[in-house]
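Participant: Heads up: the sequence lines are chains W and L, in that order. The first sequence maps to residues 109 to 513 in our numbering. The second sequence maps to residues 109 to 513 in our numbering. I have a structure I would like to understand better, so I am pasting it below and will then ask my questions one at a time.
There are 2 protein chains.
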Amino acid sequence: MFKFVIVKLVVFLCISCASHTEQHKVNIHNRLLTLDAHLDTPALLVRPDFDIMQEHSHDHDFSQVDWPRMEKGGLDGGFWVIYTPQGPLNADAYKSNRDTALLRAMAIQTMVSVNPDTFELATVAEDAHRITNIGKKVVYISMENAYPLGEDLSLLTTFYKLGLRMLGPVHFKNNQFGDSSTDPQGSIWGGLSPLGKQLVAEANRLGIVLDGSHGHDLLLEDLINLSKTPVILSHTGTKTIYDHPRNIDDTLLKKLADSGGVIHVNAYSAYLTKLPNNPERQKAYQDLFEKFGRNWSTFDTETWQALKQARYQLDKKHPAIKASFEDYMQHFLHILNVVGPKHVGVGADWDGGGGVVEMMDISTLPLITERLLNEGYSEQDLADIWSNNVLRLLKQAKDYADSVN
Amino acid sequence: MFKFVIVKLVVFLCISCASHTEQHKVNIHNRLLTLDAHLDTPALLVRPDFDIMQEHSHDHDFSQVDWPRMEKGGLDGGFWVIYTPQGPLNADAYKSNRDTALLRAMAIQTMVSVNPDTFELATVAEDAHRITNIGKKVVYISMENAYPLGEDLSLLTTFYKLGLRMLGPVHFKNNQFGDSSTDPQGSIWGGLSPLGKQLVAEANRLGIVLDGSHGHDLLLEDLINLSKTPVILSHTGTKTIYDHPRNIDDTLLKKLADSGGVIHVNAYSAYLTKLPNNPERQKAYQDLFEKFGRNWSTFDTETWQALKQARYQLDKKHPAIKASFEDYMQHFLHILNVVGPKHVGVGADWDGGGGVVEMMDISTLPLITERLLNEGYSEQDLADIWSNNVLRLLKQAKDYADSVN
């Protein structure tokens, strides 16, 4: 930590850094290996109207990631998420969600298989540089919400075989593995459940990085204490800037970093700052969902087009109120100040609700690099933030697994 | 049945049928919709050295199906098999094989995804004609050996979602679902086990055709008695021509047909006729497998190439002894004589051990059509044999599922 403070002081005194031209900053961004730790885009891959190879516009279809925009925004890849929403805790629901998760994993694999010159599945840390060096995008697979594993931990091996290398035990609500940060009930397990502790051991045994995002503070503490390798927060902010259960305080942040962990800063507006209420928009959305229903997985292309068009009109009439890029950077800079650039990364929750006014999709990602360079962070710091840190965790997870298997 | 006998008599008396030229017969073959009920090729899809789009030669790499040879042999598609060999009956083995089966299903789906202009996944009877009409090959998915479902019948839904539409409960040995025709122990369940009976009900509920191939006679009887829709034998022969446990007698054959079922005739040489022993070859193969091991799923391309080369040399030195095309046709013609062309199809066990001297891969499939035309079967009979019959079963299975869901 001391070393970091000294480096920062030197950088602040170094006027040459301030003289980076805009183009120079973009060049730096483009030569970095850039990974986002939480890409929710696989939820779009299973939609009949979405083509990852075509450029979309957030204004028109609310999507935030595709190959053309990855090229524009200089994003080399990241962790592509198998997400299932929290449902009831019973055998039938577990099995149904297991199937959904398997099909989602398959959708990610299919995206790679049908675009073999564009994407490549990555499973070890070394893959990232190798894949970007041959001009392809990096596809690690992660899971947000371990719920679809049910009570059958052997399914973690199944998903590992399908490429899974990062796992978050919970989402919005408490589940069989532990406590969520946002369940109205509060903590019921005191962090991880007994099954959740077994899940941690199994993830360690396989070499899967544990992700505390969405976890209750007590769950994150349990992860840090129990996991044999450092923990990630793939998309989380700081309570110091905005006190929200999805953010963590500086004490826990330091504990995470001291244990070798990394926090990837979330750009989910409602977690960045207090936003004004928007009752007309809320009402309009409620009406929209009543009209279309929420059984989205059964929608055909035409229904999707109609829904998108309706959402587009709704957005024009009742615009979303978003946090600003500055709000996002306040989280980013505070976290950097507390733990330094060896423990920070980017996880903006793209296609999962992330985005701020000036950065509503990945095409504007160079803004982050530019701003951090302006703040005096070095290209090496940026290299750590944009990928070295998460790759370090991935390597540590694998090294541990190799040592015990 | 009477109608069939009369039609056959008329055909025999019709001299014009005998005047079909060779080219005319090939033309008939090419305009038929041709499906093989049991393509074991997916076992090759997971090998790093196999490319379904390239033409291979059985002499050199022992493969029997690929797209160029489908074109040559006029094969429009069939049921592509998820096969796992029978292993121990315990939870760990079930889970490991569940994963293997899931990955195999994914390999089939991937074959389709990466070749969208060549293959298409088929799930209902109507798909077959639609897909062939647009010049693509038909990919139905089946499972040989329900063993990887373990004791968790909900996995049948998982595989159904992955496209599964045909299911054989057992393979070489008795398992949790019932008795095999070739287990040295003989029948231990008296046919289907209690879990096997639940499996039948679940397959019916989903609309999956039940396949009695490899099943003990008692299991086939159970399937016929319990299944709500007609049963298939996807690759089986007749005991009347060669008395082997993998073949069935005429009584059971008639029972199958009377219940609306269909038998697809197997071309696995050792089940077609008594073959002489070949101890030198057996010894040579034993040595080969000792040298290479049997952990094939871990072989890289080079090891596969070396193994293929070694097998090629072995085959030249100790040629395989195969049944003849005539042996195959004796089974085919006897079965046709007993149950008629509405209850017979082709399931030659390609890439699963099938093949006879004159027909060692699918490129020679027109031989079957030609021979049956010579025997006096009509183009309509051939259309039934080559696809209508199995598609009828598929439709019946779906109609039943629709009626109860």
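For every residue, glycine included, the Cβ atom is placed at its ideal position computed from N, Cα and C.
Report the neighbours of Met274(L) on chain W: residues whose CB is nearer than 7 Å to its CB, in chain order.
Facilitator: Per Cβ cutoff of 7 Å: no residues; Met274(L) is ~19 Å from chain W at best.
Participant: Which residues in the same chain as Gly438(W) place their Cβ atom closer than 6 Å to its Cβ, once the five residues preceding and following it in sequence are excluded?
Facilitator: Rather than Gly, the amino acid found at residue 438(W) in this sequence is Gln. Around Gln438(W): Ile349.
Participant: Whole beta strand (DSSP E) runs in the stretch 303-357 of chain W with 3 or more residues, listed along the chain?
Facilitator: Counting whole runs of 3 or more residues, the stretch 303-357 of chain W contains the beta strand (DSSP E) stretches 340-346.
Participant: Would Ala509(W) count as contacting chain L if we go by Cβ distances under 8 Å?
Facilitator: It does not: the Cβ of Ala509(W) has no partner Cβ on chain L nearer than 8 Å.
Participant: Just the C-alpha distance for Asp507(W) and Val308(L), rounded to the nearest angstrom, thanks.
Facilitator: If you take the alpha carbons of Asp507(W) and Val308(L), they lie about 46 Å apart.
Participant: I want to check one thing, is the minimum distance from the CB of Leu307(L) to the heavy atoms of the ligand PLP below 7 Å?
Facilitator: Absent from the structure shown: the ligand PLP. Ligands present: none.
Participant: What separation, rounded to the nearest whole angstrom, lies between the Cα atoms of Trp494(L) and Asp469(L)?
Facilitator: Looking at the two C-alpha atoms, the distance is approximately 17 Å.
Participant: Which class does Glu483(W) belong to by DSSP, given the choice of helix, strand or coil?
Facilitator: Looking at Glu483(W) - three-state DSSP - the assignment turns out to be coil, as it is neither helix nor strand.
Participant: What residue range does the alpha helix (DSSP H) around Tyr443(W) cover?
Facilitator: Looking at the sequence shown, residue 443(W) is not Tyr but Ile. Ile443(W) -> alpha helix (DSSP H) spans Phe433 to Val447.
Participant: Where do the N-terminal and C-terminal ends of the beta strand (DSSP E) with Arg188(L) fall, by residue?
Facilitator: A small fix is needed here, since residue 188(L) is Trp in this sequence, not Arg. Looking at the DSSP string, the run of the beta strand (DSSP E) that includes Trp188(L) is Gly185 to Tyr191.
Participant: Any beta carbon from chain L within less than 8 Å of Val222(W)'s own beta carbon?
Facilitator: At least one chain L Cβ lies under 8 Å of Val222(W).
Participant: Straight-line CA distance for Lys116(L) to Gly484(L)?
Facilitator: Note that Lys116(L) has pLDDT 47, beneath the 50 cutoff, so the model's placement of it is unreliable and no number is given.
Participant: Could you name the residues of chain L that Thr519(W) contacts, counting a contact when the two beta carbons are closer than 7 Å?
Facilitator: Residue numbering for chain W in the displayed model covers 109 to 513; residue 519(W) lies beyond these limits and cannot be assessed.
Participant: Can we say the stretch 126-141 of chain L touches the stretch 270-279 of chain W, given the rule of at least three CB pairs closer than 8 Å?
Facilitator: The stretch 126-141 of chain L is not in contact with the stretch 270-279 of chain W.
Participant: On the three-pair Cβ rule with 8 Å, is the stretch 369-376 of chain W touching the stretch 453-466 of chain W?
Facilitator: Yes, they touch.
Participant: Can you name the residues of chain L whose CB is closer than 7 Å to the CB of Leu211(W)?
Facilitator: The contacting residues are Lys269.
Participant: Can you confirm whether Gly453(W), when its beta carbon is compared against all beta carbons of chain L, has any partner nearer than 8 Å?
Facilitator: Judged by the 8 Å Cβ criterion, Gly453(W) is not in contact with chain L.
Participant: Would you say Lys506(W) lies against chain L (beta-carbon separation less than 8 Å)?
Facilitator: Chain L, which has no Cβ nearer than 8 Å to the Cβ of Lys506(W), makes this no.
Participant: When you compare the CB of Met161(W) with every CB in chain L, is at least one pair closer than 8 Å?
Facilitator: No, because no Cβ of chain L sits closer than 8 Å to the Cβ of Met161(W).
Participant: Classify Trp175(L) as helix, strand or coil using the three-state DSSP reduction.
Facilitator: Three-state DSSP puts Trp175(L) in a helix.
Participant: Within a Cβ cutoff of 6 Å, which residues of the same chain sit near Ala126(W), ignoring the five residues on either side of it in sequence?
Facilitator: Caution applies to Ala126(W), whose pLDDT of 48 falls short of 50 and renders its modelled position unreliable; the model cannot decide the point.
Participant: Could you tell me whether the stretch 384-394 of chain L touches the stretch 438-449 of chain L, where touching means 3 or more Cβ pairs closer than 8 Å?
Facilitator: The answer is no - the stretch 438-449 of chain L does not touch the stretch 384-394 of chain L, with fewer than three Cβ pairs under 8 Å.
Participant: So, is Asn403(L) buried or exposed, given that buried needs 16 or more other C-beta atoms within 10 angstroms?
Facilitator: Under this definition Asn403(L) is an exposed residue.
Participant: In the DSSP output, which residue or residues are listed as bridge partners for Phe227(W)?
Facilitator: Answer is Lys245(W).
Participant: Alpha carbon to alpha carbon, how far is Gln293(L) from Gly301(L)? Give it in angstroms, no decimals.
Facilitator: The sequence given here places Ser at residue 301(L); Gly does not occur at that position. If you take the alpha carbons of Ser301(L) and Gln293(L), they lie about 15 Å apart.
Participant: Who are the neighbours of Met251(L) on chain W, taking C-beta pairs under 8 Å?
Facilitator: Neighbours of Met251(L) on chain W: none; closest Cβ ~16 Å, over 8 Å.
Participant: Which residues in chain C sit within 9 Å of Lys203(W), going by Cβ to Cβ distance?
Facilitator: Note that chain C does not occur in the displayed structure, where the protein chains are W and L.
Participant: Buried or exposed for Gln488(W), going by 16 or more other Cβ atoms inside 10 Å?
Facilitator: Gln488(W) comes out exposed.
Participant: Just verifying my parser: in three-state terms, what is the DSSP assignment at Gln161(L)?
Facilitator: The sequence given here places Met at residue 161(L); Gln does not occur at that position. Met161(L) falls in the coil class under three-state DSSP.
Participant: Please report whether the beta-carbon of Asp207(W) lies at a distance below 8 Å from any beta-carbon of chain L.
Facilitator: Yes - at least one Cβ of chain L is within 8 Å of the one on Asp207(W).
Participant: Quick check on Thr240(W) - is its C-beta less than 8 Å from some C-beta in chain L?
Facilitator: Not one chain L Cβ lies under 8 Å of Thr240(W).
Participant: Can you tell me whether Gly369(W) is helix, strand or coil according to DSSP?
Facilitator: Residue state, collapsed to three classes: coil.
Participant: Excluding the 5 residues preceding and the 5 following Ala201(L) in the sequence, name in chain order all residues of the same chain whose CB lies nearer than 6 Å to its CB.
Facilitator: Within the same chain, Ala201(L) has close Cβ partners Gly195.
Participant: Between which residues of its own chain and Ile114(L) is the CB-CB distance below 7 Å, once the five residues before and five after are set aside?
Facilitator: Bear in mind that a pLDDT of 48 at Ile114(L), under 50, signals an unreliable position, so the model cannot answer this.
Participant: Report the rounded CA-to-CA distance for Val512(W) versus Thr265(W), giving the unit in angstroms.
Facilitator: If you take the alpha carbons of Val512(W) and Thr265(W), they lie about 15 Å apart.
Participant: Between the alpha carbons of Val447(L) and Gly258(L), how many angstroms are there, rounded?
Facilitator: If I take the Cα positions, the gap works out to 35 Å.
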